[in-house]
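Chains as they are written, first to last, in my numbering: chain S, 271 to 388; chain D, 13 to 512. Cβ coordinates follow ideal geometry from the N, Cα and C atoms, glycine included. Scroll down for the structure; my scribbles are underneath it.
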Amino acid sequence: MGQRRSSSRPTSEPIRNPWLWVAFVALILAMAPWYLPAGDAAPLVFGVPYWFPVSVAATLLFSGVAAWACLRRWNLDEPEEERRAAEAAARHDGDAPDGDSEPDGADSAGPHGEEGRS
Amino acid sequence: MNDLIFGGTSGMLVLGFYALTMLVIGYVAGRRNPGTRHTAKGYYIAGGGLGFVALFFTLYATQYSGNSVVGYAPTAYRTGFPWWQSVGFMTAVIVGYLLFAPRLYTVAKREGFITPTDWVRHRFASTPVSVLVVILMLWGLANYLLEQLVAMGHAISGLTGNTVPYQLGVIAFVLVMLIYSWLGGMRAVALTDVMQGIALLIGVSVLLGGSLYLVGGDLGDVVGDMLREEPEKVAVPPTEVSVNWIAMMLLIGFGASVYPHAIQRVYAARSERTLKRSLAIMAWMPLVTTGVVFCVGIVGTELYPGLSESESEQLVGLVANSVAAIGPFFYAVMVLMFGGIVAAIVSTADSALLAFSSIFSRDLYGRYLRRSASEKRQLLIGKVAGVVIVAVLLLIAWNPPGTLYAIFVLKFELLVQIAPAFVLGLYWRRLAAGPVFWGMLAGAVFAGVCTVLDLEQPVGIPFGLLGLALNAVICVVGSLLTRPQADPEREEATAEPQPG
Chain S
271 MGQRRSSSRP TSEPIRNPWL WVAFVALILA MAPWYLPAGD AAPLVFGVPY WFPVSVAATL
331 LFSGVAAWAC LRRWNLDEPE EERRAAEAAA RHDGDAPDGD SEPDGADSAG PHGEEGRS
Chain D
13 MNDLIFGGTS GMLVLGFYAL TMLVIGYVAG RRNPGTRHTA KGYYIAGGGL GFVALFFTLY
73 ATQYSGNSVV GYAPTAYRTG FPWWQSVGFM TAVIVGYLLF APRLYTVAKR EGFITPTDWV
133 RHRFASTPVS VLVVILMLWG LANYLLEQLV AMGHAISGLT GNTVPYQLGV IAFVLVMLIY
193 SWLGGMRAVA LTDVMQGIAL LIGVSVLLGG SLYLVGGDLG DVVGDMLREE PEKVAVPPTE
253 VSVNWIAMML LIGFGASVYP HAIQRVYAAR SERTLKRSLA IMAWMPLVTT GVVFCVGIVG
313 TELYPGLSES ESEQLVGLVA NSVAAIGPFF YAVMVLMFGG IVAAIVSTAD SALLAFSSIF
373 SRDLYGRYLR RSASEKRQLL IGKVAGVVIV AVLLLIAWNP PGTLYAIFVL KFELLVQIAP
433 AFVLGLYWRR LAAGPVFWGM LAGAVFAGVC TVLDLEQPVG IPFGLLGLAL NAVICVVGSL
493 LTRPQADPER EEATAEPQPG
């Protein structure tokens, strides 16, 4: 699941990518075999009715596109969170030699300040 | 799930092991994070600090309950190949998250949200909208909990060979659930979900492996026999079934992603990176969960042909019996799997219970019943409310409804109505509180009444989805007809996040 550093990618969120949603709708429509004649089972492909591999392929693509959108088309807070984490780690290294440097965010306001304000 | 050959002593031992492990995890989670027990943020959303492993498994265990195994395999048995839709609609839940979670995560971290209603209050500043959202969520959560309690009782009595009666089994595991939830809050719930999720994944995989072994490893033969005996389960389904398939993807995609406990997991993520990586893997999980269960149901048609509807409800138990008889390894894994099913049911119930407690304590008690209550008192009231609702639901669970699936759909009919307040509310500044209230109310009443009256679904489209469409139309048209009011706070709530 290697990703480029989020700070080097532009800010993005999935809902602002219309083609992504066109793809989702198309795949949902492809999954259910409404476009094929009801009652047909033959021919069998890989031992299963021919419509089923089409549906499976659409489902796999649906999962793949959803996972891709999560990783590649969602980049709102991560650059700022990375920057704050790096700052915290640098401070931590200077102040205390032991302990972990990962920002926990537990029971704190979290790494978000003015982010999201217009 | 009656008469499991591996039920009885070994089943009781496994259940005891799971129960003890959950208690230890709750104890450790509470001791290692003392803030967990004393602050609402610590208790209800783990301080917004859940890391990747815990977040992924708690998302997983929350979305997949025991019903995803014991209820979906019989449906695949009865429906045949069209039940592949269960993989699609579980993936649609992740697509549903993509509609709102990225922006909601940002706003939630900035504003310190704890309950889903916090967003609604922040966005609309309307008491009627907030109260209606609270009512719909509490109703949906209670129904959801009830379903889990019913399933829990059946699973425990089946696994213990009825040595542990239905009622006693439910009470014992409810007590375990309450204790570890009280000790460690969301952190304990998430950590127990790791164990529960792993047990379920391994169990269903071995169940499929064993059942394929029993039919000689050739799915082609199974399909061939289905074609001869029950061709309608293999052929292209009628148009109404296909329309229902698409409709269920939309309904569950919208509905399950705005579950109150699902929204709280968005709040609980340690970072955006953690959240999106967890959801990216979740997008593949239907293939290895409901996809595997679907295959078990299909193989079941070969192993146990001709079961009636009520007999087929026992399918997972029947298949597990056959698989356990293969040898000691399969026997052991089947015991672990059934323990895992009970654990998965508990893990779904604990998430819903925690969300119920948080909404009751913060959105009802702390806001309307006793505004001066301290945070500590609100927490205590939330915990007590959780115990009371479980006690009430237990009384109902002892007269369980006929089929699990019917109530599964019913809770979506109402819960899905809060979706426009989140999806449209996050992105469309003009969305006004009045139309949101009337849209939600109209959608919920329409869907609820049609469902209660058991009317026939038009072309296979669930009433919940029709109610949602009505709801969305009222929201959009009503907001367009409402004079926009300049309100800097509302504008800020929907502001597009800027790079840091």
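Taking 9 Å as the CB threshold, residue 292 (chain S) stays off the interface with chain D.
The contact set of residue 82 (chain D) on chain S, defined by CB atoms closer than 8 Å, is empty, because the minimum CB distance reaches about 23 Å. DSSP, read as helix, strand or coil, puts residue 287 (chain S) in coil.
For the pair residue 28 (chain D) and residue 276 (chain D), the Cα-to-Cα distance works out to about 30 Å. Looking only at S:358, S:362, S:340, the smallest Cα-Cα distance to residue 284 (chain D) is reached by S:340.
In chain order, 451, 454, 455, 458 place their CB closer than 8 Å to the CB of residue 482 (chain D), counting only its own chain and leaving out the 5 sequence neighbours on each side.
Proximity of residue 291 (chain D) to chain S, defined by a Cβ-Cβ separation below 9 Å, is satisfied. In this model, residue 335 (chain S) and residue 296 (chain D) are separated by some 10 Å (Cα to Cα).
Taking the Cβ atoms as the reference, residue 335 (chain D) lies roughly 7 Å from residue 226 (chain D), within the contact range of under 8 Å. The closest CA to that of residue 217 (chain D), considering only D:248, D:152, D:304, is found on D:304. Residues of chain D whose Cβ lies closer than 9 Å to the Cβ of residue 319 (chain S) are, in chain order, 93, 235, 239, 246, 247, 248. Using a CB distance cut-off of 9 Å, residue 313 (chain D) does not count as an interface residue toward chain S. Judged by DSSP in its simplified three-state form, residue 406 (chain D) adopts helix. Three or more beta-carbon pairs separated by less than 8 Å link the stretch 149-162 of chain D to the stretch 357-368 of chain D, which places the two stretches in contact.
Closer than 9 Å to the CB of residue 325 (chain S) there is at least one CB belonging to chain D.
Look at residue 440 (chain D): its C-beta is not under 9 Å from any C-beta on chain S. Chain order gives the chain S residues near residue 254 (chain D) as 302, 303, 304, where near means a beta carbon separation below 7 Å. If you look at residue 335 (chain D), you'll find it in the alpha helix (DSSP H) that goes 327-336. For residue 389 (chain D), the nearest beta carbon of chain S is not closer than 9 Å to its own beta carbon. Linking residue 215 (chain D) to residue 332 (chain D) through their CA atoms gives a straight-line distance of about 10 Å. In the structure shown, the three-state DSSP call for residue 483 (chain D) is helix. The way I'd put it, the stretch 244-253 of chain D does touch the stretch 90-100 of chain D; three or more beta-carbon pairs between them come closer than 8 Å. With fewer than 16 other CB atoms across the displayed protein chains lying within 10 angstroms of its CB, residue 381 (chain D) is exposed. With a cutoff of 9 Å on beta-carbon distance, residue 430 (chain D) and residue 145 (chain D) are scored as near each other. If you keep only unbroken alpha helix (DSSP H) runs of at least 4 residues inside the stretch 56-111 of chain D, you get 64-75, 79-82, 84-91.
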